[in-house]
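What follows is a short report on a single structure.
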Amino acid sequence: MRLLIKNLKSLVGIQRPDVRQLWGLEMQQLSQIDNAWLLIEGEMIADFGEMQNCPPDSLADQIIDATGKFCFPSWCDSHSHIVFAASREEEFKMKIEGKTYAEIAAAGGGILNSAAKMATATEEDLFSAASERVKDVIKQGTGALEIKSGYGLSYETELKMLRVIKRLKETFPIPIKATLLAAHAIPKAYANNRSEYIDMIIDKLIPEVSREHLADYVDVFCEEGFFTLQETKQILDASAKYGLKPKIHVNQLSVSGGVELGVQENAISVDHLEETNEAAIQALSKQNTIATLLPSCSFYLNIPFANAREMINQQVSIAIASDYNPGSTPSGNMNLVVSLACIKLKMTPEEAINAATLNGAAAMEISDNYGSITKGKVANLFLTRNMSSVAFLPYSFGQNQQELIILKGNVYHG
Ligand SMILES: [Zn+2]
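The numbering used here numbers the first residue of the sequence shown as 1369 and each following residue consecutively.
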């Protein structure tokens, strides 16, 4: 099957095959060809170029006339908690009324609220609710996704969540990476014996997750009131023995030293980073470990935004992701994430789009096959409505410009 897209106003996000990740100022370069065509053969991008060299229509089985439209590589959302049992809008109202995090937690809110609902949810219900959310984000342009466990907080329920993620992987035509986040919070039952919970993760859960191939990565919420640096290191070291690489939550609420630990432990990414100092940014300078920034979480929680400009100056590799979850970011819309990266992180549209595509793919170790318009990569991309320029996409915040979604070379109808 050959699909020819012709008369594109612009083909955006073209990259050489050997470029798998971008650092600092490199992110300002977003290559595009105006007045372009793109040929897809089977699942792959076969070729592209300027319209003056467009192959004849007879070469294709299907032709799309994309006059006035832009073509982008799909968003690669490398941080989400899209499997959850119930929404938490009652906490949303409490926050508006001025209740503190502690008061909300005392009223049964927070991560432990999601965990309580997760414990009683069936695998089938979780799968069908998460499937609806995955369909929604695909329609909003997401073409690769990472999903974490972390609302189970017990041996059985963490495994249940990971099995749901495995089913999602098998169901949708996008790559999905699974991350074990059992160390998301200390469950109530272990409040006075936290080491027992950590021992359970290390001695029972990680070996079983490995045996059933249920996760690609391990994550820890390294933060005051959650898991200490020492505990984080203990869990990462235990996971490394089973080949689970780290992608960790660090420096959301305070500077903890977690960024430096992540770099030392060869983390694929250190995520959040709303709070950083010079040492944390220096630790990431020119490293493979990616700083994954989550601006829609800062926006929703009214907490500080990450210092992206200083990170870019220091040659840090940045990805942006949704953090889609029921508590702090009940949205997986990557178009809004890209807009907020421009408005609040002061990233240029080019930097934000690179962070949401190629570097997002790198934060899931799939940038050899996804994240840019490159011959031989999988054809996961979207066509926009008629637009005036690349910058129109983040400029038109709160709106989605996707008109047609193509996954594995096929038009996606959901
Ligand atoms: Zn998160």
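Think of the CB as a built atom: it goes at the ideal place given N, C-alpha and C, for glycine as much as any other residue.
Pairing P1441 with T1660 gives a Cβ-Cβ distance that is not under 8 Å. Shown here, N1737 sits in coil according to DSSP, grouped into three states, outside any helix or strand. Taking C-beta atoms as the reference points, Q1620 and E1592 fail to come closer than 8 Å. In this structure G1511 is buried. Its beta-carbon is surrounded by 16 or more other beta-carbon atoms within 10 angstroms. A residue is called buried once 16 or more other Cβ atoms fall within 10 Å of its Cβ, and L1662 is buried on that count. In this structure, N1701 has its CB at a distance of at least 7 Å from all heavy atoms of ligand 1.
When the beta-carbon positions are compared, V1451 and A1483 stay at least 8 Å from each other. The C-beta distance from I1616 to V1588 rounds to 5 Å, short enough to fall under 8 Å. Residue state for C1422 is assigned as coil, using DSSP reduced to three classes. CA-CA distance, G1700 to H1447, rounds to 10 Å.
Between the C-alpha atoms of I1408 and R1753 there is a straight-line separation of about 20 Å. Scanning I1734, L1372, I1464 and N1722 for the CA closest to the CA of D1433 turns up L1372. The region 1563-1571 and the region 1763-1770 do not touch, with fewer than 3 CB-CB distances between them shorter than 8 Å. Between G1782 and C1444, the C-beta spacing is not below 8 Å. For E1409, the three-state secondary structure derived from DSSP is strand. Where K1374 is concerned, there is no enclosing alpha helix (DSSP H), although the beta strand (DSSP E) around it starts and stops at R1370 to I1382. Taking 8 Å as the cut-off, the Cβ atoms of K1545 and M1732 count as close. In this structure, F1673 lies near K1712, with their beta-carbon atoms less than 8 Å apart. Counting C-beta atoms within 10 angstroms of its own C-beta, Q1397 has fewer than 16 neighbours from the protein chains shown and is therefore classed as exposed. For H1581, the distance from the CB to the nearest heavy atom of ligand 1 is not below 7 Å. Taking the Cβ of N1481 as the reference point, every heavy atom of ligand 1 lies at 7 Å or farther away.
Positions of the beta strand (DSSP E) runs, each at least 3 residues long and wholly inside the region 1548-1625, are given as 1585-1590 and 1613-1618 in order along the chain. Taking 7 Å as the cut-off, the C-beta of D1691 counts as close to a heavy atom of ligand 1.
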